[in-house]
Amino acid sequence: MDKIIAFVIQLAFIALLVILGIVFSKRKGSFLIAGYNTAGPEEKKKYDEKALCRFMGKLMFILAGCYAVIMFATVLDRTEFIWGGIVLILVICVWAVIYANTGNRFRKRK
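Per this note's numbering, the sequence shown runs over residues 12 to 121.
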């Protein structure tokens, strides 16, 4: 019974990440991006909203895939894959923060 509950919760979380990925890919979710949503209109004009949303959409799909690995590992009682999935998520999140905040990748070109 515990595995079924864990499976349902993880499946719901994966569905949420996929839905967010779709929303970002359609460039409708910029208001959900921390930092960008609190920036003033002048500051927002400096950024390429399309590229930022596309990046966040891809990130959500990648994280959904990582959580799918964790979900199936939970069902199959494969602890090493659970820990591998967790480490992968952490590495991807750290990489995404560094990637997004260096190199002015999302600044509009003049």
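Where is the CB? At the ideal position from N, CA and C, for every residue including glycine.
Can you tell me where the alpha helix (DSSP H) holding K69 begins and where it ends? E60 to V86
In terms of alpha-carbon separation, which member of F117, G114, L63 and I97 lies closest to V34? L63
In angstroms with no decimal places, state the Cα-to-Cα distance between M67 and G32. 7 Å
Going by beta carbon distance, what residues of the same chain come within less than 6 Å of F83, once the five residues before and after it are set aside? none
Cutoff 8 Å; reference R38; Cβ partners in own chain excluding five residues on either side: E60, K61, C64 and R65
Considering Cα atoms alone, identify which of S36, G76, I30 and G51 is closest to G96. G76
So, at 7 Å on beta carbons, what are the nonlocal neighbours of A107 in its own chain, with the 5 sequence-adjacent residues on each side left out? L70
Using a 10 Å radius around the Cβ and a threshold of 16 neighbouring Cβ atoms, would you call L27 buried or exposed? exposed
What's the gap between the Cα of V80 and the Cα of I20? 14 Å
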